[in-house]
Structures are given as structure tokens and as C-alpha cells.
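Below is one structure, written out as C-alpha cells, with a few remarks after it.
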Amino acid sequence: ANGVEPLAHMELVRLALPRRVFTLSQVNYAIDRIDWLYQQRRLIGGMQWVEEPEILRFFYGRLAPITGWPAQLVSRFRADFGDSL
């Protein structure tokens, strides 16, 4: 490898659930919150590397938000769900 990360045409997320661990209501709760997050995707901004190790950076590196979008997302969550956590 030459150290240059190729940019992907699209970004995908994989959600893996172990069998016989979660109840259907827990899975439905997660699906509901993931759907809500997708609907609020315009609020989510970028991240930048604060610590970027040369190997396994996605496991050991640290990211920080570029703008104040996390606070906006939390405010929207509380407006929609209250203290439901």
C-alpha cells in the first residue's frame, strides 16, 4: 500500500446482530432510532482525525467533530424523544 486512502463512491454501514441475544422489541427499538437518525442526516457534519495511528486507525484513532453538530443532534433527539434513554 502507498498510504493513500481511495475514496469510495458510496459509504455503507453494516449492522450485525448476534443470534438469540436480542428480543424483537429491542431490535425494533434500534431500527426506529436508526431510521430517525437517517431522517436527521442533514444535521450530521464531518469529523476530523485528532489521533491517526499508522495501522488500524479506525480501531485505535480518535475523531473530533468539525463543527458543533453533535449538540444540535442531541437537542433534536431530546425534542423528539425527551428523556427516553
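If you're matching positions, the sequence shown starts at -1 in my numbering and goes up one per residue.
The beta carbon of each residue, even a glycine, is placed where N, CA and C say it ideally should be.
Between the Cα of residue i and the Cα atoms of the options, which residue gives the shortest distance?
i	options	result
residue 74	16, 62 and 34	34
residue 63	25, 76 and 45	45
residue 36	3, 6 and 10	10
residue 12	23, 18 and 29	29
Using a Cβ-Cβ cutoff of less than 8 Å, which residues in the same chain neighbour residue i once the five nearest sequence positions on both sides are dropped?
i	result
residue 41	67, 70, 71 and 74
residue 65	43 and 44
Between residue i and the rest of its own chain, which residues show a CB-CB distance below 6 Å, the 5 nearest in sequence each way excluded?
i	result
residue 60	48 and 49
Does DSSP put residue i in a helix, a strand or coil?
i	result
residue 61	strand
residue 38	coil
residue 25	helix
I think residue i touches residue j, with their Cβ atoms under 8 Å apart; what is that distance to the nearest whole Å?
i	j	result
residue 15	residue 2	Rounded, the Cβ-Cβ distance is 34 Å, inconsistent with contact.
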